[in-house]
Amino acid sequence: MSRPIRHVVSLSGGKDSAAMAIYLRDRLPELDYVFSDTDKELPETYDYLARIEAFLGKQIIRLRADRGFDHWLQIYGGYLPSPRMRWCTKMLKIRPFEAWVEELGDVDVQMYVGIRADENRGGYKPTKPNITPVYPFIEAGITLDGVHRILEESGVGVPPYYSWRTRSGCFFCFYQRKHEWVGLKENHPDLFELAKQYEKTDQDTGQRYTWSERESLAELEQPARVEEINTKFARQTISVGAKSKALVDILDDSDDDDENLPCSFCHV
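Each residue of the sequence shown is one higher than the one before, counting from 24 in our numbering.
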């Protein structure tokens, strides 16, 4: 006897998963929409989730880890998460989701992930045998243009933080580019200061633990450095003829190596 199936859309607060939720709303019955909340998200992310909820006409289930980021930072010896050690995604995104699935009981879960057909990255690899990732946009051949069309036609639009940031995720996400850190300082100086407080130097070894590779946020925020970063970014946008586009379109990651791309739980 087959087990009942639960259809679950995993939302990250980004454009692709939002478009997927909209795309699937009238195609699948009894959809559950879930968002793993790290409590370190941008304010714009919560506003955007409210807009998605209004369109869907259904509440997004908010999942939270039983222990927060600061607890796990201590458990991991003060080592900030990095592309080589993404413990934040594991502990604050994946683990709460899989715990929620376990609470559903004896069911099979079809988990819909918003990776596009024009992206070059792997998806979520569940540790539970009853979770099966499904990639509707890949199956339907939907690319970036299709995602924008879905969001525009629905009236939901793209998240407002895309004017200065390319990805959803925590305000201190280590995948941010230099210009995005400048954007955080300009748009949320309070959150930039909080991110700075997590950086440190080991007094015994002299090793530095910083969010941005080879540069502390205190160094990055210096006026001369900010000007240098902004000038470089301006040259880049002009070179691709994209001065008026959203940052997410100028610096799309679809051709990046998979190892340099963040987990689809955080950034779709």
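Glycine included, each C-beta is placed from N, C-alpha and C at the ideal position.
For clarity, every value in this text was computed on a predicted model and none was experimentally measured.
| Query | Result |
| --- | --- |
| With 16 other CB atoms within 10 Å as the buried threshold, where does L102 fall? | Checking the sequence shown, residue 102 turns out to be Tyr, not Leu. Counting Cβ neighbours within 10 Å, Y102 comes out exposed, since fewer than 16 surround it. |
| Quick check on T68: does DSSP put it in helix, strand or coil? | helix |
| Ends of the alpha helix (DSSP H) at D168? | 167-177 |
| Report the option in P183, Q259, L51 whose CA atom is closest to the CA atom of T68. | P183 |
| G91: which of E216, F215, I84, D62 sits nearest, CA to CA? | D62 |
| Taking only three categories from DSSP, how would you classify I28? | strand |
| What does the Cβ neighbour count give for E242, buried or exposed, with the cut at 16 atoms within 10 Å? | exposed |
| Please report the Cβ distance between E222 and W234, rounded to the nearest whole angstrom; I am assuming they are in contact, meaning their Cβ atoms lie under 8 Å. | 7 Å |
| Taking 8 Å as the cut-off, does the segment 145-165 touch the segment 109-128 (at least 3 CB pairs, one atom from each stretch)? | yes |
| Would you list the one or two residues that DSSP bridges to P156? | M134 |
| At the level of alpha carbons, what is the spacing between M43 and Y232? | 36 Å |
| Under DSSP, the alpha helix (DSSP H) around S40 begins and ends at which residues? | 38-47 |
| Within the continuous beta strand (DSSP E) that includes I84, where are the two ends? | 84-86 |
| Thinking I75 and A41 are a contact (beta carbons under 8 Å), I'd like their distance in whole angstroms, please. | 5 Å |
| Have a look at V179 and F194 and give me their C-alpha separation to the nearest angstrom. | 22 Å |
| Please classify E282: is it buried, with 16 or more other beta-carbons within 10 angstroms of its beta-carbon, or exposed? | Here E282 scores only 43 on pLDDT, less than 50, and its place in the model is too uncertain to base an answer on. |
| Assuming T112 and A140 form a contact by the criterion Cβ under 8 Å, report the distance between their Cβ atoms to the nearest whole angstrom. | Rounded, the Cβ-Cβ distance is 23 Å, inconsistent with contact. |
| Check for me: the beta strand (DSSP E) holding V57 runs from which residue to which? | 54-59 |
| What's the call for E64, buried or exposed, on a 16-neighbour Cβ count within 10 Å? | buried |
| Quick one, which of I28, G137, R85, R172 has its alpha-carbon nearest G128's? | I28 |
| From the DSSP secondary-structure annotation, give me the bridge partner or partners of M108. | S105 |
| Based on the DSSP secondary-structure assignment, which residues constitute the bridge partners of C196? | Answer is none; C196 lacks a bridge partner. |
| For L34, which of helix, strand or coil comes out of DSSP? | strand |
| Use the C-beta contact count for G37: other C-beta atoms within 10 angstroms, 16 or more gives buried, fewer gives exposed. | buried |
| With burial defined as no fewer than 16 other Cβ atoms inside 10 Å of the residue's Cβ, what is the status of Q199: buried or exposed? | buried |
| Based on the DSSP output, what are the partners of Y232 in its beta bridges? | K223 |
| Can you tell me the Cα-Cα spacing of S25 and L51, whole angstroms? | 19 Å |
| Where DSSP assigns a beta bridge to E238, which residues make up the other side? | S235 |
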